[in-house]
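Order-wise, the sequence lines are chains A and B.
Be aware that the first sequence starts at 195, since it is given in our numbering, and climbs by one per residue.
Be aware that the second sequence starts at 7, since it is given in our numbering, and climbs by one per residue.
Think of the CB as a built atom: it goes at the ideal place given N, C-alpha and C, for glycine as much as any other residue.
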Amino acid sequence: MIGHNRTVREQHEGGGRGASVRRRGASGGPGNYLARHLQTFFYALGQLSLKPFSTLMMVAVIGIALAMPAGLHVLLRNVQQVLGGWDSAAQLSLFLHHQTGEAEALALAAQLRQRQGIGSVEYISSMQAMAEFQRHSGFGEALSALEENPLPPVLVVYPAIELQGPELLAQLRQELSAEQAVEIAQLDMQWVKRLYALMDIGQRGVWVLAAMFALGVLLVVGNTIRLAIQNRRDEIIIIKLIGGTDAFIRRPFLYTGFWYGLLGGVVALILIELALWLLSGPVNQLALLYSSEFRLARSDLLTAASLLGGGLLLGLCGSWLAVGRHLRAIEPT
Amino acid sequence: MIRFTDVSKRYPGGYEALSNLSFHLAQGEMAFLTGHSGAGKSTLLKLIALIERPSGGQVVVHGQNLAKVSRRRIPFHRRNIGIIFQDHRLLFDRTVFDNVALPLVIAGYSREETGRRVRAALDKVGLLSKEKLYPITLSGGEQQRVGIARAVINKPALLLADEPTGNLDPELSREIMGIFEQFNRVGVTVLIASHDMALIEQMPHRMLRLEQGRLVLGGEE
């Protein structure tokens, strides 16, 4: 230790200079503050990369939990798109009055074709209807015994593609039943309504699932951070002893949660894209069989953004919960 | 620098670690706090560093009544005090450099300023060549010197040491005490808790003697 006397004296005798240096060095201007945050931000990422296996496990758990509801949401949107096509396949049957002549019926058909919201109109005369009925019903013999044809002429109306949703269809039916020649306008809406009700349940289910999985992610991240805090108990105590503030100690844990959440969101996005890619082959084949142009839609930008944003928010909140609960309990003794 | 007035510390359960302590340690003074284990030496140091709060009486450090330091302000109080522990309390997953730099990192110093100061502090304790090593590879005496470098890096006006030579042989102990004397010579107030009487009695410094929580030597009535 000989010879250090001089150095020590120099260090401390330059007290005035030292003090000014300290003020300059520690002056936590906004730039400095930001730099410190940035440093911790990447330090937390570096810490995670030191334990790649456990980090990967953690991120995968979060990713799967996020992918479940988000993937279901994407699928549901696809189903909705398919249903949109089916809506327009719904048809209205206009049963005309018995005495309506063929010319009158055809004129009405021509008139309806001009209307907005109607795709095409098909005329079935009472004779055609009878022939078809005889062919398909199996009552052929019995029917030919009838003196008079009991079936009315029918106009089958196919609504335009743009006309979607049960309300608009019901409105169209209302309008058409007001036509003079029309005795009964029938729209088999029941199945469309049921389908929409099912879709509503599905949508609600996605939200319930999302809420449950979000809670799961929150707890998983919270628990992991809690363990991390416990593992670094000695370090936390030492930092508190030499003047580290709660904010300083909290920061790396919060950023760790942030990274977990963000990376989990990325994993979820990858999982969803992967699932869609795996499904797209069979779906295209099915669409081909229905001679449909339908293609499985990828997750859109909004879904991706909310997945990443939601992930990092959940990670941050989870670690905040753990840090708030457990950091205060660790004090030097 | 440090003034205790009628300070008592009673732990839950009724054990009284300190009773009616009064003493004053002037700025620039160096003193030893002695007594058997359990006499209250550590408790006294903890009161100064606000690791514990007194049950009665008043502690003033740097002219600041510690009763008025809120929980949120404790870190800033501790930054003005260098504390040295018997078990060194180093972070074993960080290099010597990073260990010594920690107080400056906490206080938010720039990288250049930190590097400059850490090297100066390591030079003071004779460990400049070991900055890249991990503490586990150092001897007990060297680890304690790292602890001292970390304690003085913030240039605190007050150094507290709790049995700094507890695990060291006599020669290393003398060396460590020598380092403390150097800091004292340049104006740092030093308070060292130690029961190493053989060593302390060789040194011409004030002695505060605790027995069962009472000051029997060096205090004031």
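Backbone secondary structure at residue i - three-state DSSP
| i | result |
| --- | --- |
| T450(A) | helix |
| Y21(B) | coil |
| Y237(A) | helix |
| R16(B) | strand |
| E538(A) | The structure shown does not extend to residue 538(A), since chain A is modelled only from 195 through 527, so no value can be given for it. |
| A149(A) | In the structure displayed, chain A extends from 195 to 527; residue 149(A) sits before or after that span and is not available. |
| M262(A) | helix |
| D93(B) | coil |
| P170(B) | coil |
| N478(A) | helix |
| L133(B) | coil |
| L139(B) | coil |
| E35(B) | coil |
| R9(B) | strand |
Interface flag, residue i vs chain B, CB-CB below 8 Å
| i | result |
| --- | --- |
| I430(A) | no |
| F442(A) | yes |
| I433(A) | yes |
| G437(A) | yes |
| T527(A) | yes |
| R489(A) | no |
Rounded C-alpha distance that separates residue i from residue j
| i | j | result |
| --- | --- | --- |
| T11(B) | L214(B) | 15 Å |
| A73(B) | I80(B) | 11 Å |
| R123(B) | F103(B) | 10 Å |
| L465(A) | M251(A) | 14 Å |
| L508(A) | G396(A) | 24 Å |
| R426(A) | Q275(A) | 52 Å |
| G504(A) | W471(A) | 23 Å |
| I423(A) | Q70(B) | 33 Å |
| A297(A) | P347(A) | 11 Å |
| Y140(B) | T171(B) | 21 Å |
| R9(B) | A499(A) | 60 Å |
| D494(A) | L421(A) | 36 Å |
CB contact below 8 Å: residue i versus chain A
| i | result |
| --- | --- |
| G121(B) | no |
| F103(B) | no |
| F82(B) | yes |
| G44(B) | no |
| P141(B) | no |
| L108(B) | yes |
| I198(B) | no |
| I90(B) | no |
| D168(B) | no |
| L50(B) | no |
| L97(B) | yes |
| R85(B) | yes |
| I57(B) | yes |
Residue range of the beta strand (DSSP E) that includes residue i
| i | result |
| --- | --- |
| L221(B) | 220–223 |
| Q64(B) | 62–67 |
| D428(A) | Segment 427–435 is the alpha helix (DSSP H) holding D428(A); no beta strand (DSSP E) there. |
| M213(B) | 212–217 |
| P344(A) | Element bounds for P344(A): n/a, residue is neither H nor E. |
Neighbour flag for residue i against chain E, beta carbons, 8 Å
| i | result |
| --- | --- |
| R16(B) | Of the protein chains in the structure, A and B, none is chain E. |
Run of the alpha helix (DSSP H) containing residue i, from where it starts to where it stops
| i | result |
| --- | --- |
| Q149(B) | 146–158 |
| G503(A) | 495–520 |
| R122(B) | 117–130 |
Cβ-heavy atom distance, residue i to the ligand COA, below 7 Å
| i | result |
| --- | --- |
| L174(B) | Looking for the ligand COA in the displayed structure turns up nothing, as the structure carries no ligands at all. |
Q: May I ask you to verify whether the segment 82–90 of chain B touches the segment 159–166 of chain B, counting CB pairs closer than 8 Å and requiring at least 3?
A: yes
Q) Would you call the segment 214–224 of chain B and the segment 13–26 of chain B in contact, with 3 or more CB pairs under 8 Å? A) yes
(Q) Count Cβ pairs between the segment 408–418 of chain A and the segment 467–487 of chain A that sit closer than 8 Å; are there 3 or more? (A) no
Q) Counting Cβ pairs, one atom from each stretch, are 3 or more of them under 8 Å apart for the segment 40–49 of chain B and the segment 500–520 of chain A? A) Judged by Cβ distances under 8 Å, the segment 40–49 of chain B makes no contact with the segment 500–520 of chain A, as fewer than three pairs qualify.
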